[in-house]
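Please read the structure below before turning to the comments.
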């Protein structure tokens with residue numbers, strides 16, 4: 352008869368699992384690679400990262416989406432989970448229409464986690480996940496005005512104020528363009544606010560995030576009935 356000894360393993364509560372502790376491929380792109388970029392749609396920003404495939408529909412508000420690990424963005428099954436500030440952002444079919452309500456000047460970083468071994472998320476986290484983190488806390492006032500061809504105009508403004516454990520962040524943006532093709536007129540705007548409180552010891556953090564987004568666009572490339 353062999354009696355095996357007992358091994359006891361204890362672990363304290365350390366909060367949510369940080370990305371750096373996940374055994375998989377992770378890429379992070381900071382604000383310095385995002386906030387000064389001129390793009391019509393925010394999903395285009397993720398194309399700067401390695402191993403990313405961009406499916407470019409550019410059909411009105413159904414504009415495009417990123418993917419990786421042998422998945423593409425076509426159809427209504429997308430194997431990549433989208434998170435905005437850690438909140439799931441895929442629609443029921445898996446598509447990423449909510450990604451475009453985040454404008455470049457409001458982004459703090461974009462994080463890409465590849466593979467299926469991220470235990471934090473379930474639905475749509477097949478090939479991996481993309482987390483777009485917006486600015487939180489800090490004291491700043493930033494604005495950008497862009498004017499380009501095809502009557503393209505965009506304005507973005509961001510404001511942050513933090514004092515005594517209470518942080519406020521506000522953002523507003525508007526973009527209009529006639530597009531380089533016939534019937535490609537696009538108009539969109541976004542408004543966002545974040546209010547967070549952190550206790551002095553850092554043991555408590557609570558907050559509220561609110562966003563309003565609207566996008567009206569025509570779909571170029573279709574033929575008329577007579578054509």
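Residue numbers (the numbering used here): 352 to 578.
Note that beta-carbon positions come from the ideal geometry of N, C-alpha and C, so glycine has one too.
Close beta carbons around residue i, own chain, < 6 angstroms, minus the five adjacent residues each side
{"i": "residue 519", "result": "512, 546"}
{"i": "residue 472", "result": "432, 480"}
{"i": "residue 455", "result": "385, 386, 388"}
{"i": "residue 382", "result": "459"}
{"i": "residue 505", "result": "497, 526"}
Three-way DSSP call (helix, strand, coil) for residue i in this model
{"i": "residue 368", "result": "coil"}
{"i": "residue 475", "result": "coil"}
{"i": "residue 507", "result": "strand"}
{"i": "residue 435", "result": "strand"}
{"i": "residue 382", "result": "helix"}
{"i": "residue 449", "result": "helix"}
{"i": "residue 457", "result": "helix"}
{"i": "residue 410", "result": "strand"}
{"i": "residue 526", "result": "strand"}
{"i": "residue 515", "result": "coil"}
Residues that DSSP places opposite residue i in a beta bridge
{"i": "residue 363", "result": "BP columns for residue 363 are empty, so no partner."}
{"i": "residue 534", "result": "Partner(s): none; residue 534 has no beta bridge."}
{"i": "residue 559", "result": "546"}
{"i": "residue 487", "result": "Partner(s): none; residue 487 has no beta bridge."}
{"i": "residue 495", "result": "507"}
{"i": "residue 395", "result": "Paired residues: none, contrary to the question."}
{"i": "residue 520", "result": "511, 545"}
Given residue i as reference, the closest of the options once Cα atoms are compared
{"i": "residue 444", "options": "425, 454, 438, 459", "result": "425"}
{"i": "residue 566", "options": "516, 378, 448, 382", "result": "448"}
{"i": "residue 535", "options": "572, 369, 554, 563", "result": "572"}
{"i": "residue 558", "options": "353, 380, 517, 551", "result": "517"}
{"i": "residue 503", "options": "353, 457, 392, 420", "result": "392"}
{"i": "residue 568", "options": "538, 354, 372", "result": "538"}
{"i": "residue 371", "options": "363, 505, 470", "result": "470"}
{"i": "residue 530", "options": "555, 501, 550", "result": "501"}
9 angstroms Cβ cutoff met for residue i and residue j
{"i": "residue 528", "j": "residue 466", "result": "no"}
{"i": "residue 521", "j": "residue 544", "result": "yes"}
{"i": "residue 451", "j": "residue 412", "result": "yes"}
{"i": "residue 453", "j": "residue 477", "result": "no"}
{"i": "residue 405", "j": "residue 395", "result": "yes"}
{"i": "residue 438", "j": "residue 563", "result": "no"}
{"i": "residue 380", "j": "residue 461", "result": "yes"}
{"i": "residue 373", "j": "residue 464", "result": "yes"}
{"i": "residue 523", "j": "residue 540", "result": "yes"}
{"i": "residue 408", "j": "residue 398", "result": "no"}
{"i": "residue 352", "j": "residue 378", "result": "no"}
Residues near residue i in its chain [Cβ-Cβ closer than 7 angstroms; skip 5 each side]
{"i": "residue 533", "result": "571"}
{"i": "residue 490", "result": "511, 512, 513"}
{"i": "residue 457", "result": "485, 486, 509, 522, 543"}
Cβ shell of residue i (< 8 angstroms), same chain only, five flanking positions each side left out
{"i": "residue 442", "result": "448, 449"}
{"i": "residue 390", "result": "396, 455"}
Residue i CB to nearest heavy atom of the ligand ADP below 8 angstroms
{"i": "residue 513", "result": "By its list of ligands, the structure shown contains no ligand whatsoever, and the ligand ADP lies outside what it can speak to."}
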